[in-house]
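Residue numbers (the numbering used here), protein chains in the order written: chain A, -12 to 120; chain B, 6 to 143. Backbone N, C-alpha and C define an ideal beta-carbon position, used for all residues, glycine too. Here the structure is a predicted model, which is why all the values come from computation and not from measurement. A short write-up of the structure that comes next.
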Amino acid sequence: MYKGQSGMWSWLLHRITGLGTLLFLFVHIVDISLLGFGPRVYNDGILLFDSIVVRFLSLALIGAILFHSTNGIRIMLIDFWSKGVRYQRAMFVIALVVTIIVFIPVVYFVLAPKLLGPIGAWFVQPLFAHAGH
Amino acid sequence: MLQISRGTGPRPTSGGFETASWYFFRVSGILLIFLVIIHLIIMHVSNDVSCTTYQFVSARYANPFWRLYDWLLLTLALTHGMNGLRIVIEDYVSSPRRRIVLLTLAAILLVAFFMLGTITLITFQPVLGPHGAQCLHA
C-alpha cells in the first residue's frame, strides 16, 4: 500500500478493473432485458456485440476480469495463507503472467470468427461443436 | 495515500457490517470466479457471440438450471460490484452530505438493476416461430 510499490499498482488495477466490469454489468443487464421486446430487437442488440469495435471492448473486459480474478486470489492468499504477505509481490507478478497467458488464446477465439471470416469460424467452432451450450 | 478499507488491509475483527462486507467480498469473489469463467467460455469460446441469438437464449432458458445460474451470476456480480462502488465512494467523497447522496444513488441503482435483471430472467417466454439464421452475420 505504499506509493510506487507493487502493492499500490495491484490495488489501483484491482479498483479500475472492478469499476470497469461493474459499468459493463449495467450495460449487460439492459441488453439482456431486450429479450422482453422479442427476437428482432434482441438480435439487433447482439449484432452490436458482433461488431469488431465491440469485440475489442469485450477483450478489454475479459482482460480486466482475468486480472481481477487472479489478483482476487492473491488478496485472499495474503489474508488466509500464513506466508501470503511474504510472497505478495511474487504473487502480483504471477497474477499478471497468468492473466496474459490465459488472455492470448481468448484474443484468438473472440477475433477469429470476425477477422478470418468463415475460415476463422471453422477453426473455432469444431473444437467445441458437440459441447452444447 | 488514501485510507484502504479492504483489499490487503487487515482482517476486520470489530464485527458488524464492515466485517460482513469483508467476508462477503471473498465468498462472492470465489463463487464469481467459477460462475464468470464458465459464462465467458460458453459465450465467447465454445460459441461465437454472433451465435448467442434469441433462439440460443430460448433453448438455453428452456432449462431452469440456466435461469438459476444466470440469476446467481446477476445477484453476486451486482452485489459484489456495488459493494466495491460503495467503498470507492467512501474513499473519495469526504463531504457527509455528498456521500449520503451518492450512496443513496448507488443503492437505488442496485435495486433497479437487480429488479430489471430478475424480472427479465423470470418472465422470459420465447416467442414461437422462426427467428432467422442460427448465427448473425453483419
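Listed by chain order, chain B residues near residue i by CB distance under 7 Å
{"i": "residue 37 (chain A)", "result": "54, 55, 141, 143"}
{"i": "residue 94 (chain A)", "result": "In chain order: nothing, as chain B lies at least about 11 Å away."}
{"i": "residue 8 (chain A)", "result": "86"}
{"i": "residue 20 (chain A)", "result": "121, 125"}
Buried/exposed call for residue i, threshold 16 Cβ in 10 Å
{"i": "residue 10 (chain A)", "result": "exposed"}
{"i": "residue 120 (chain B)", "result": "exposed"}
{"i": "residue 5 (chain A)", "result": "buried"}
{"i": "residue 100 (chain A)", "result": "buried"}
{"i": "residue 79 (chain B)", "result": "buried"}
{"i": "residue 82 (chain A)", "result": "buried"}
{"i": "residue 29 (chain A)", "result": "buried"}
{"i": "residue 35 (chain A)", "result": "exposed"}
{"i": "residue 82 (chain B)", "result": "buried"}
{"i": "residue -3 (chain A)", "result": "buried"}
{"i": "residue 125 (chain B)", "result": "buried"}
{"i": "residue 24 (chain B)", "result": "exposed"}
Within chain B, the residues that residue i reaches when beta carbons sit closer than 9 Å
{"i": "residue 59 (chain A)", "result": "30, 31, 34, 35, 37, 38"}
{"i": "residue 56 (chain A)", "result": "34, 37, 38, 41, 42"}
Residue i versus the options, residue with shortest Cα-Cα distance
{"i": "residue 84 (chain A)", "options": "A:7, A:37, A:38, A:53", "result": "A:53"}
{"i": "residue -6 (chain A)", "options": "A:69, A:61, A:50", "result": "A:61"}
{"i": "residue 2 (chain A)", "options": "A:56, A:25, A:30, A:94", "result": "A:56"}
{"i": "residue 62 (chain B)", "options": "A:35, A:25, A:42", "result": "A:25"}
{"i": "residue 58 (chain B)", "options": "A:50, A:18, A:39", "result": "A:18"}
{"i": "residue 93 (chain A)", "options": "A:67, A:76, A:51", "result": "A:51"}
{"i": "residue 63 (chain A)", "options": "B:38, B:108, B:20, B:132", "result": "B:38"}
Chain-ordered neighbours of residue i on chain A, where CB pairs are closer than 8 Å
{"i": "residue 107 (chain B)", "result": "Per Cβ cutoff of 8 Å: no residues; residue 107 (chain B) is ~14 Å from chain A at best."}
Contacts that residue i makes with chain A (C-beta to C-beta distance below 7 Å)
{"i": "residue 72 (chain B)", "result": "Within 7 Å Cβ-Cβ: nothing; residue 72 (chain B) doesn't reach chain A, min ~12 Å."}
{"i": "residue 83 (chain B)", "result": "12"}
{"i": "residue 58 (chain B)", "result": "30, 33"}
Neighbour list for residue i in chain B, Cβ cutoff strictly below 8 Å
{"i": "residue 13 (chain A)", "result": "114, 118"}
{"i": "residue 63 (chain A)", "result": "31, 34, 35"}
{"i": "residue 97 (chain A)", "result": "49, 54"}
Chain C contact for residue i (CB, 8 Å cutoff)
{"i": "residue 45 (chain B)", "result": "Protein chains in the displayed structure are A and B, and chain C is not among them."}
Exercise. What residues from the region 113 to 129 of chain B come within 9 Å of chain A, judged by C-beta to C-beta, listed N to C?
Worked result: Of all residues in the region 113 to 129 of chain B, 114, 118, 119, 121, 122, 124, 125, 126, 128, 129 have a Cβ within less than 9 Å of some Cβ in chain A.
For this session: Residues of the region 23 to 37 of chain A with a CB closer than 7 Å to any CB of chain B: list them in chain order, please.
Result: Taking a C-beta cut-off of 7 Å against chain B, the contacting residues of the region 23 to 37 of chain A are 23, 25, 26, 29, 30, 33, 34, 36, 37, listed in chain order.
Exercise. Quick one, which residues of the region 87 to 104 of chain B are near chain A if we go by CB-CB under 8 Å, in chain order?
Worked result: For the region 87 to 104 of chain B, residues whose beta-carbon sits nearer than 8 Å to a beta-carbon of chain A comprise 87, 89, 90, 93.
Exercise. Would you call the region 25 to 38 of chain B and the region 94 to 112 of chain B in contact, with 3 or more CB pairs under 8 Å?
Worked result: Counting Cβ pairs under 8 Å, fewer than three are found: no touch.
Exercise. Is there contact here, the region 59 to 75 of chain A with the region 111 to 118 of chain B, by at least three beta-carbon pairs under 8 Å?
Worked result: The region 59 to 75 of chain A, when compared against the region 111 to 118 of chain B, does not touch it at the 8 Å Cβ threshold.
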